[in-house]
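J.: Residue numbers (our numbering), protein chains in the order written: chain A, 89 to 340; chain B, 575 to 1216. Dumping the structure here so I can ask a few things about it.
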Amino acid sequence: MAEQVVTLKIKRGEGGGPSRWEEFKVPRKPMMNVISCLMEIQKNPVTVGGGNTTPVNWDSSCLEEVCGACTMVINGRARQSCSTLVHEISPNGEPIVLEPMTKFPRVRDLVVDRQRMFDSLKRVKAWIQVDGSHFLGAGPKVSQEDQEVMYPLSRCMTCGCCVESCPNYNERSAFMGPQVISLVRLYNMHPSGKMQAGARLDAIMGDGGIADCGKAQNCVKVCPKQIPLTESIAVMGRETFKRALFGWLLKG
Amino acid sequence: MTVIKLCEAGIPVDLLSLVPVKRSHSVCAQGGINASVNIKGEGDSPYTHFYETVKGGDFLANQPPVKGMADAAPGIVFMLDRMGVPFNRTPEGNLDFRRFGGTLFHRTAFAGATTGQQLLYALDEQVRRWETITVEDERGVTIPGEMMVRKFEYFDLTGLVLDSGGVCRGVVVQDLKTGEQMTFRGDAVCLATGGPGLVFGRSTNSVINTGSAAAIAYQQGALYGNGEFIQVHPTAIPGQDKLRLISESVRGEGGRVWVPKDRNDRRLGKDIPEGERYYFLEERYPKYRNLVPRDIASREIFRTVRHEGYSAEGQEAAYLDVTHLTRTPAGKAGVRKKLEGVLEIYEKFVGVDPYENPMKIFPAVHYSMGGLWVDFEKDESTGSLKAVSPRNQMTNIPGLFATGEADYQYHGANRLGANSLLSCIYGGMVTGPAMAAWRESRKESAFDLSSSLFDSELSRRREEFEALSRRAGGEFTVNPYRLHHELGDMMLTKVTVERHNKELDDVIGKIKEYQAQWHKCAALDTAMKGTMSQPVVFLRHLKGMLDLAEIIAAGARAREECRGAHYKPDFDPELHENDPKAVGRDDAHWLKTTLATYTPEGAKLSYEEVDVSLEKLAKRDYGKVSKPTKTEGASAQASAEK
């Protein structure tokens, strides 16, 4: 019979300061996820040793795996804590280990600052350049086939799982990560996004761009939205190659 | 949207957000956005959309803004399409539209099952573009290094800066990553801070939806309108940490709601033969069937399960079933294509395959029709909203605007599905120009005022926070998270689908007790300087939630009728045929907006007339067949008792 408690080992600390481990036991309930365990700790912030401590800080918002906020490293793997169910990762009461993501500066406990990912979106012009929000009639027609390619790419939550698992993404490298390359593919596919395709390709051909991908292929395995990241990298690899070869002709 | 409109008018904006913008609650909107484009040639029109929206809201919404919204809807969807939202398409490559509750037309554009996420992303991207564009002065000279949008994420409102004339001149905010508080000046301030779902503990809302910013505005004098109107969504998955929505689009695409006819049936849903299923919505509403408006569907499910004793596998739930759709020619792949994202939630969080098993669902708090009271200016020639007026979307605090779920304007007593994304974008399209017009009309800019005004509010808020973070030991014995849990449980059981005056009296008394207990809440954290401290911030939010709970409960207690999402069985003529008090919707006395004013003693209520200048009141009728199930219900009851 399964244990009636959930054991959590949590790596805690402030900013760049030292880390410490704290262990908690919380009552086990049906359909529990990692977030509901953390909520139990808030109601009774006492460690296994009986010591009073502070409630754990963590990021969360939607709890439906569409916002990307609650990403953390759970038992060694980056994933959303809302969609990590206790009965799946701890069927027999195995301890659950929670750590902050390692590729971003820690704010406190399990909260990290993922600003770098949002900054990359600016660099690659991850938007459609509309003439304005005033009325200009319907948008361009898009085939069902293209929509079916674009929609999955557009579900990227900027959660950070892919870059956490990427050996080439770290504080010493300028690599922007697979998610950015995949979004360039999305905007370059769009009928009016295409018109700025060259500028976006240039952005991923420079420092921190597609050439920094080491083809480890971890990203596609950990993406919670199953975005075909490696396929996007391959497609963009071809596009940037073409531009490197013939781009000077276009620039005229 | 407000930000984009301001930038387009050449006005630089400071955008402050509690979480990174991409992680805001709009991501949770699944189903779609309404616009009467009439793509299927059904004879739909913006006027019909307007009428169905005010009717769906039981005529409590001011009609001119609703008309403005319905008229603007097709243009809004086209604009989003131009911004690259990957909407689903027809074979010709046009936007596809589906059916939603409260209408018989295909009016809802959608992007997979995450329309809200896709709309938010598109607008966030446009704002990000403005983050890279430099400010130009009046002569067209760029100001180096100054961007049109400065974005500050992980910032929380702690106070409004009001001048001696009561005009809003800026805000005090806290950088949650460091705990540091600071002021921002603004010639106009807009709160687009969402709804207060967390007042009910667990809801379909994101955990950031505490309503804190609206509560602070209320504490500083902003009126709160129609707080008692809280939409309960009929179909959510019960969970420990939140109640996850299963979108109305499931019913729009043919999903059916039922319970086993035998109240003691403990078999799995999929093992119950067709003949032993009770499709109570279809039987009671043969015209709209499973697509009756949300308040009605919630009430029927609640009544069927709670009062009539039906259940799903013995649990307090009904079934929402798509398994029959997998047996149609389109098959499982067809269902998957349209509903994958929604059904994935069930699969992921319940661990059961919804293509094979009917889903177990129960109603959950979903949306607040109420919110900060905002003004509007009517265009007398069209009956609609005046396109540009500084009055539009402005609260009673001059210079302070509100939009989105944080305002009360567009949904009356009940919101129709797929109107929320529309109202928040339309609200922004109106608010941006309104703020620009207000700024234009001011003689003195906030940036010309003496800093003492800002400094005094800042030091007041700093002292407040420091006092909170010092709360440890001694009298501070209450855990704020447990207090929140108690508040949520009470609000959820007593102030949602059904409301009784006696219970509401108890609730109001209890909230007073909780407010007293709040003063005994411990900080649970030392809030070291320069460090994030979620528990202390939560204390501030909890105070706001207690105030909002009071507004909701007091408004509900006072309103002696049934209207939209506000339902009191004691006033339902169907249940009390010969009771003169049971008037149902009481237009003679209650066709008015509830306004709550903050006083140190509690919420003070007053009322305002509703602008019903465009459409006459009609009975809100969705073709319910009167008591079709009485005999069947009675016999089932008898067998259950045996």
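We put the CB at the ideal spot given by N, CA and C, even for glycine. Quantities reported herein were computed from a predicted structural model and do not represent experimental measurements.
Anyone know if the C-beta pair for A762/B and C742/B falls short of 9 Å?
T.: Indexing the second sequence from 1 puts residue 762/B at position 188. Indexing the second sequence from 1 puts residue 742/B at position 168. For A762/B and C742/B, yes; Cβs fall inside 9 Å.
J.: I'd like the list of long-range same chain contacts for M189/A, defined as Cβ closer than 7 Å, with 5 residues on each side in sequence excluded.
T.: Residue 189/A sits at position 101 when you count from the first residue of the first sequence. Here the set comprises T159, M160, V161, A166, V200, G248 and E252.
J.: Using a C-beta to C-beta distance shorter than 8 Å, which residues of chain B count as neighbours of K235/A?
T.: Walking along the first sequence from the start, residue 235/A turns up at place 147. A quick correction: the sequence has Gln, not Lys, at residue 235/A. Going along chain B in sequence order, the residues near Q235/A (Cβ under 8 Å) are P660, F661, N662 and R663.
J.: According to DSSP, simplified to helix, strand and coil, what is L151/A?
T.: Taking the first sequence and counting its residues from 1, one reaches residue 151/A at position 63. Of the three classes helix, strand and coil, the one that applies to L151/A here is coil, per DSSP.
J.: Is the CB of V1246/B under 9 Å away from at least one CB in chain A?
T.: This structure leaves residue 1246/B out entirely; chain B is present only between 575 and 1216.
J.: Count the other C-beta atoms from every protein chain shown that fall within 10 angstroms of the C-beta of G294/A, then say buried if there are 16 or more, exposed otherwise.
T.: For the purposes of this step, residue 294/A is identified with residue 206 of the first sequence, where counting begins at 1. Exposed: under 16 other Cβ atoms inside 10 Å.
J.: Going along the chain, which residues of its own chain have a beta-carbon closer than 8 Å to the beta-carbon of E914/B, five neighbours each way excluded?
T.: If you number the second sequence from 1, residue 914/B lands on position 340. The answer, listed in chain order, is G686 and A687.
J.: Mind pulling the chain B residues with CB within less than 8 Å of D201/A?
T.: Locating residue 201/A in the first sequence gives position 113, counting from the first residue. Correct list: K751.
J.: Under 9 Å between the Cβ atoms of Q604/B and G690/B?
T.: As a position in the second sequence, residue 604/B is number 30, starting the count at 1. As a position in the second sequence, residue 690/B is number 116, starting the count at 1. Cβ distance < 9 Å, so Q604/B and G690/B count as in contact.
J.: State the DSSP-derived secondary structure class of N121/A, mapped to helix, strand or coil.
T.: Walking along the first sequence from the start, residue 121/A turns up at place 33. If DSSP states are grouped into helix, strand and coil, N121/A belongs with the strands.
J.: Go to C585/B, then tell me how far its alpha helix (DSSP H) extends in each direction, as first and last residue.
T.: Position 11 of the second sequence, counted from the first residue, corresponds to residue 585/B. In the sequence as displayed, the identity of residue 585/B is Ile instead of Cys. Unbroken run through I585/B: none, as it is neither H nor E.
J.: With respect to the beta strand (DSSP E) encompassing I162/A, which residues constitute its N-terminal and C-terminal limits?
T.: The count along the first sequence starts at 1 and reaches residue 162/A at position 74. Where I162/A is concerned, the enclosing beta strand (DSSP E) stretches over T159 to I162.
J.: Taking Cβ positions only, does E720/B come closer than 9 Å to chain A?
T.: Numbered from 1 along the second sequence, position 146 holds the residue referred to as residue 720/B. No, E720/B lies away from the interface with chain A (no Cβ there is under 9 Å from its Cβ).
J.: According to the Cβ coordinates, are C150/A and R776/B closer than 9 Å?
T.: Position 62 of the first sequence holds residue 150/A. Position 202 of the second sequence holds residue 776/B. Cβ atoms of C150/A and R776/B: not closer than 9 Å.
J.: My parser needs the alpha helix (DSSP H) runs of 4 or more residues fully inside the stretch 773 to 835 of chain B; what are they?
T.: Those alpha helix (DSSP H) runs which fall completely within the stretch 773 to 835 of chain B and span 4+ residues are 786 to 793 and 823 to 826.
J.: Is there at least one Cβ from chain B nearer than 9 Å to M324/A's Cβ?
T.: As a working mapping, residue 324/A is identified with position 236 in the first sequence. Answer no: the Cβ-Cβ gap between M324/A and chain B never drops below 9 Å.
J.: Take the Cβ of A1192/B as the centre, count every other Cβ of all protein chains shown within 10 Å, and call the residue buried at 16 or more, exposed below.
T.: As a working mapping, residue 1192/B is identified with position 618 in the second sequence. That one is exposed.
J.: By the criterion of Cβ-Cβ separation under 8 Å, what are the contact partners of Y695/B in chain A?
T.: Position 121 of the second sequence, counting from 1, holds the residue named residue 695/B. S242, listed in chain order.
J.: Can you give me the Cβ contacts of I717/B inside the same chain, cut-off strictly under 8 Å, excluding the 5 residues immediately before and after it?
T.: Walking along the second sequence from the start, residue 717/B turns up at place 143. Once the five neighbours on either side are set aside, the close Cβ partners of I717/B are T708, V709, E710 and D711.
J.: In three-state terms, what does DSSP make of V144/A?
T.: Start at 1 with the first residue of the first sequence, and residue 144/A comes out as number 56. In this structure, V144/A counts as coil in the three-state DSSP scheme.
J.: Please determine, among I585/B, I578/B, E582/B and S600/B, the residue with the shortest C-alpha to C-alpha distance to E979/B.
T.: Reading the second sequence from its first residue, position 405 is the one you call residue 979/B. The shortest C-alpha separation from E979/B is found at S600/B.
J.: Go ahead and label E1206/B buried or exposed: buried means 16 or more other beta carbons lie within 10 angstroms of its beta carbon, across all protein chains shown.
T.: Taking the first residue of the second sequence as position 1, residue 1206/B is located at position 632. Low confidence applies here, because E1206/B scores a pLDDT of 40, under 50, leaving its location unreliable and the question unanswered by this model.
J.: What does I162/A touch in chain B if you count any residue whose Cβ is under 7 Å from its own?
T.: The count along the first sequence starts at 1 and reaches residue 162/A at position 74. Correct list: empty, because the minimum Cβ distance to chain B is about 15 Å.
J.: Which partner residues of D895/B appear in the DSSP bridge assignment?
T.: Position 321 of the second sequence, counted from the first residue, corresponds to residue 895/B. Paired residue(s): R830/B.
J.: Taking 9 Å as the threshold (beta carbon to beta carbon), is C150/A in contact with chain B?
T.: For the purposes of this step, residue 150/A is taken as the residue at position 62 of the first sequence. By this cut-off, C150/A is an interface position.
J.: Based on the DSSP secondary-structure assignment, which residues constitute the bridge partners of T1171/B?
T.: For this step, residue 1171/B is matched to residue 597 along the second sequence. Bridge partners of T1171/B: K1178/B.
J.: How close, in whole Å, do the beta carbons of I870/B and Y1196/B come, if the pair is a contact with beta carbons under 8 Å?
T.: Taking the first residue of the second sequence as position 1, residue 870/B is located at position 296. Taking the first residue of the second sequence as position 1, residue 1196/B is located at position 622. Correct: roughly 6 Å between the Cβ atoms.
J.: Applying the criterion that 16 or more other CB atoms from any shown protein chain within 10 Å of the CB defines a buried residue, is G584/B buried or exposed?
T.: Working through the second sequence from its first residue, we reach residue 584/B at position 10. G584/B is exposed by the Cβ-count criterion.
J.: How is A1210/B classed by DSSP in three states: helix, strand or coil?
T.: If you number the second sequence from 1, residue 1210/B lands on position 636. Unreliable positioning characterises A1210/B in this predicted model, as indicated by a pLDDT of 38, which lies under 50. A coordinate reading is not provided.
J.: Leaving out five residues before and five after S171/A in sequence, what residues of the same chain have Cβ atoms less than 6 Å from its Cβ?
T.: Position 83 of the first sequence, counted from the first residue, corresponds to residue 171/A. Excluding residues within five positions, the ones whose Cβ falls inside 6 Å are E153.
J.: Distance, Cα to Cα, N556/B vs Q284/A?
T.: Given a span of 575 to 1216 for chain B in the structure shown, any question on residue 556/B remains unanswerable.
J.: As a quick exercise: from E822/B, D588/B and L734/B, pick the residue whose alpha carbon is nearest that of R724/B.
T.: On the second sequence, position 150 is the one that residue 724/B refers to. The candidate whose alpha carbon is nearest that of R724/B is D588/B.
J.: Whose Cβ in chain A lies nearer than 8 Å to the Cβ of E699/B?
T.: Indexing the second sequence from 1 puts residue 699/B at position 125. The contacting residues are L209, A214, W215 and I216.
J.: Could you work out which residues of chain A lie near E705/B, taking near to mean beta carbons separated by less than 7 Å?
T.: Working through the second sequence from its first residue, we reach residue 705/B at position 131. Those within 7 Å of E705/B in chain A are K210.
J.: Residues in its own chain within less than 6 Å of Y1000/B by CB, not counting five upstream and five downstream?
T.: Taking the second sequence and counting its residues from 1, the one referred to as residue 1000/B is at position 426. Result list for Y1000/B: M643 and A646, in chain order.
J.: What is the DSSP secondary structure of Y239/A, counted as helix, strand or coil?
T.: The residue given as residue 239/A occupies position 151 in the first sequence. Helix.
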